[in-house]
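Per the numbering used here, the very first residue in the sequence shown carries number 3; after that it's consecutive. Each residue gets a CB set at the ideal place from its N, CA and C atoms; glycine is no exception.
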Amino acid sequence: MFLIQHPSPLSSLAYLFGCTGKRAAIVVDVHAGDEEAFLAMAREKDVEIRYVIDTHIHADHVSGGRRLAQLAGAHYALHESNAGAVPWDFMALRDGQVLEAGNVSVQVLHTPGHTDDSISLLVTDRSRCDEPWFLVTGHTLFVGAVGRPDLKGREREMAEKMYDSLFGTLLSLPDHLEILPGAQAGSVCGGGISGKPVSTLAFEKRYNKGLIRDRAAFVEAILETALALPQPEAMREIIAANIAAEIPA
Numbered sequence: 003m004f005l006i007q008h009p010s011p012l013s014s015l016a017y018l019f020g021c022t023g024k025r026a027a028i029v030v031d032v033h034a035g036d037e038e039a040f041l042a043m044a045r046e047k048d049v050e051i052r053y054v055i056d057t058h059i060h061a062d063h064v065s066g067g068r069r070l071a072q073l074a075g076a077h078y079a080l081h082e083s084n085a086g087a088v089p090w091d092f093m094a095l096r097d098g099q100v101l102e103a104g105n106v107s108v109q110v111l112h113t114p115g116h117t118d119d120s121i122s123l124l125v126t127d128r129s130r131c132d133e134p135w136f137l138v139t140g141h142t143l144f145v146g147a148v149g150r151p152d153l154k155g156r157e158r159e160m161a162e163k164m165y166d167s168l169f170g171t172l173l174s175l176p177d178h179l180e181i182l183p184g185a186q187a188g189s190v191c192g193g194g195i196s197g198k199p200v201s202t203l204a205f206e207k208r209y210n211k212g213l214i215r216d217r218a219a220f221v222e223a224i225l226e227t228a229l230a231l232p233q234p235e236a237m238r239e240i241i242a243a244n245i246a247a248e249i250p251a
């Protein structure tokens, strides 16, 4: 298995990973403008990009997902809740679904809270073992923080969903899992995000100040943190570009 974590100037993190033995790869959360870089990385690894996934409809950057999928001849995938909400076809991912890329398998986990369509990806390298190795958490769980729930309104309802996604889904997974988030320090999609772009679930359970076990206290704390953050620059224009019929340039 190989894994490449690709940072952007906006503090977001994108990923290319897969199986070199069977020449299959997956890309997650690519930025517009980085498509050729991911194609070059895939060529260097001698793999075919089979799936391009966005963990949600982004509000902080224009996605390069649809364009990369088109260039690579890959499936472009989002959570199924986007069906009918966007004017174009995509591979609809459902909770629990498993994607295969050679010896690498990816289980889709629906983890709403940052957005309704947010997903996390539980990744296993079956050439080593049948247990999952790492978790791509999008903007649900960061290193040192959790995702903000307020960007599209319904703040309290979304904070409640975030609690359920974290404590009901992600934190019930094995402690040894590596956490690969969708952003690092500098992103406005969470308050107090660490500059270290990788962690473990065990470390986050112990030291992540956003993971407040009491439900009511968690909701109040996450709302206080989120409402103190600035919104992403040009957020409305970015969202409009990411759901537009025309693929963003």
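Asked                                                                                                      : Found
Bounding residues of the beta strand (DSSP E) (the contiguous stretch that carries M3)                     : No beta strand (DSSP E) contains M3, which DSSP labels as neither H nor E.
Identified DSSP bridge partners for Q109                                                                   : V100, L124
Every unbroken alpha helix (DSSP H) within the region 39-65, with a cutoff of 4 residues, ordered by chain : none
Alpha-carbon to alpha-carbon, V221 and T22                                                                 : 43 Å
Where I28 sits in the DSSP three-state scheme                                                              : strand
Simplified DSSP state of I181, which is helix, strand or coil                                              : strand
Reduced DSSP secondary structure (H/G/I, E/B, other) of F92                                                : coil
Distance between G140 and L95 (C-alpha atoms, nearest Å)                                                   : 15 Å
Touch test, the region 223-242 against the region 145-161, Cβ-Cβ under 8 Å, three pairs minimum            : yes
Host beta strand (DSSP E) of L80 (start-end)                                                               : 77-81
Reference V59; option with closest CA among T113, N84, R45                                                 : Per the sequence presented here, residue 59 reads as Ile, with Val not at that position. Checking every option, the nearest Cα to that of I59 belongs to N84.
Chain C contact for H77 (CB, 8 Å cutoff)                                                                   : This model lacks chain C altogether; it includes just one protein chain.
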